[in-house]
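Counting in numbering that gives the first Met the number 0, the sequence shown runs from 0 upward without gaps. Here's the structure, in structure tokens; my notes come after.
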Amino acid sequence: MSSLAATNASLRALATSLAACAREVSSAVEHLNDRDGISGHCASIHRLEAEADAQYRDAIRELFSGNASPIEVIRLKDLYECIEGSIDRCEDVANILERIVIKNS
0 MSSLAATNAS LRALATSLAA CAREVSSAVE HLNDRDGISG HCASIHRLEA
50 EADAQYRDAI RELFSGNASP IEVIRLKDLY ECIEGSIDRC EDVANILERI
100 VIKNS
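Given below as structure tokens:
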């Protein structure tokens, strides 16, 4: 796979994971008043975050194994980190929602 194709595939995979996490957070928050289904959405977020960690490691590995320019490596590494960090924040929200459900049980 070419460097550009690998970069596009990595960005697409991470962005897809972020979009899925955001949808799960939104669905979980919609159920905050009735608490029905929040745990399922939170479990999905935790699973997606674990998958995104693997996607991130693969993206970084591919980035440093290619022959990209140093500027491109820095730019893409920052982009990958930003997306992966956003997915981590979704997991933080899931953890908070789980604590809210436990406290109000």
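No residue lacks a Cβ here, since even glycine has one placed at the ideal position from N, Cα and C. Bear in mind that the values here come from a model prediction, so they are computed numbers and not experimental data.
Cα-Cα separation, S64 to Q54: In a straight line, the C-alpha of S64 is about 15 Å away from that of Q54.
CB-CB length for L96 against I37, believed under 8 Å: At roughly 6 Å, the Cβ-Cβ gap stays under 8 Å, so L96 and I37 are in contact.
Thinking C-alpha only, which one of R34, L47 and A14 is nearest E23? L47
Out of D52, L3 and A4, point me to the one whose CA is closest to S16's CA. Among D52, L3 and A4, the Cα nearest to that of S16 belongs to D52.
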